[in-house]
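Have a look at the structure below before the remarks.
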Amino acid sequence: MKSPVLTDLELFLVEAPGTENTPPVRTVIFHLISDLGAEGWGEAHLAWRATELAARREMLLNILAGRSAFDLEELSDLSSLKPAALRCAVEMACWDLIGRFLGQPLCRLLGGEYRHYIPLAVRLPADSSHLAQTALELLHQGFHSQILTSSGNPELDSEAIRLITELTHGRISLRLDGGGQFDWDTARHLCELLEDLGLEYLIDPLREYDLAQAALLARQTELKIAAWRSVNSATDVIGILKTGGTRALVIELPRTGGILPARYAAVVARAGGLEVSLASGPTLGISAAAMLHLAAANPVFTGCCECGYFSVRDDVLTQPLERSQGLARVPIEPGLGVVVDRNKLESLQIA
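According to the numbering used here, the sequence shown is numbered sequentially starting from 478.
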């Protein structure tokens, strides 16, 4: 069977309006086209301007044209495909193209349909004045795993968690995202305040991430510490395992550079005994679908996955991704399982 060779590329800079609690979502949509007619879509948050797209398309097409869409490892090693989010979008589009070409959903190419539904963790609105009530409403919608973004004040964070736990009667699994806001002493104080509140784990408390300092903090508290923003490769995971302390990882496709490197990092982490989950920020549907397929195919992802797509007002899909009772359905059509709506794409495009 002849493999599809990349021949053309389209780039779209689009922005979807925000909601009451979320800002507008700006993203770059990638459309790869092959000589055999198969096509694929990718998505990334990149700080590009509309006036740059023509030059960036020309540069990328010079790199990609003539290559087989199946040569994913070769593409991921290209030094010209930087930053990691760019590599992720190109790899994502290649996977979509491959799946469409073979007539198979991506999860079957990554290991099979281990899960048909992915349990979700939902992030509470950062500026909500009624956090506990919001958490209760989300619980009634089926979201038993929730994420609170730290205010930067340990006392306020601990009080918010206490109120949420009391109102929900401890029926939710709550994570606190420290967002890398604290120095070591303040992070230690925060851990002391949170130890008896039943938190699932604390993500990225330290302002300046250092493996030794993170390990020291984790050893001085009973609270489970998780790493997210420092996980960019399987090599990073090995470093975390060597220093010890961290007990959970959150992996994000754009940080690692794509589906394959995210999978490698997750396998290493799980082999080292760490709990692993995935996260996807606010997207217009394409990137979220890629994350769902990776989670569907791999039993190593044992934690609920954050999917910011469901907090966005609009997307670029003909049919939105489905969720019910805190679960997202994995789209089982070929490739990423989603179809891009050209009319919606063009209506959201930034001129």
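Glycine is no exception: its CB is placed at the ideal position from the N, C-alpha and C atoms. These numbers were taken from a predicted model, which means no experiment stands behind them.
{"Asked": "Contacting residues, own chain, Cβ-Cβ under 6 Å from Thr499 (five flanking each side not counted)", "Found": "Ser788"}
{"Asked": "Separation of Ser511 from Ile649, as counted between CA atoms", "Found": "46 Å"}
{"Asked": "Distance between beta carbons of Ile641 and Leu608, contact taken as under 8 Å", "Found": "6 Å"}
{"Asked": "Under the three-state DSSP convention, the category Arg652 falls into", "Found": "strand"}
{"Asked": "Where Trp661 sits in the DSSP three-state scheme", "Found": "helix"}
{"Asked": "Buried or exposed by the 16-neighbour rule on C-beta atoms within 10 Å, applied to His646", "Found": "exposed"}
{"Asked": "Nearest-angstrom Cα separation, counted from Leu822 out to Ala527", "Found": "14 Å"}
{"Asked": "Uninterrupted beta strand (DSSP E) stretches inside the region 504 to 529 (no shorter than 3 residues)", "Found": "516 to 521"}
{"Asked": "Complete runs of the beta strand (DSSP E) confined to the region 692 to 761 [at least 3 residues]", "Found": "702 to 704, 725 to 729 and 752 to 757"}
{"Asked": "C-alpha distance - Ala515 paired with Ile575, whole-angstrom precision", "Found": "8 Å"}
{"Asked": "Beta carbon of Leu718 nearer than 7 Å to that of Gly749", "Found": "yes"}
{"Asked": "Where Tyr594 falls: helix, strand or coil (DSSP)", "Found": "strand"}
{"Asked": "The region 773 to 789 contacting the region 736 to 754, beta-carbon criterion three pairs below 8 Å", "Found": "yes"}
{"Asked": "Cβ neighbours of Leu513 in the same chain (closer than 8 Å, five flanking residues each side left out)", "Found": "Lys479, Pro481, Val482 and Phe578"}
{"Asked": "With 16 other Cβ atoms within 10 Å as the buried cut-off, status of Gln618", "Found": "exposed"}
{"Asked": "Ser556 classed as buried or exposed, judged by whether at least 16 other C-beta atoms fall within 10 angstroms", "Found": "exposed"}
{"Asked": "Other residues of its chain near Asp792: CB distance less than 6 Å, five sequence neighbours each side excluded", "Found": "Leu761 and Gly762"}
{"Asked": "Test item: CB-CB of Asp473 and Gly812 under 7 Å", "Found": "Residue 473 lies beyond the stretch modelled for the chain, which goes from 478 to 828, so this question has no answer here."}
{"Asked": "Simplified DSSP assignment, three categories, for Leu813", "Found": "coil"}
{"Asked": "Collapsed DSSP secondary structure at Tyr786 in the structure displayed", "Found": "helix"}
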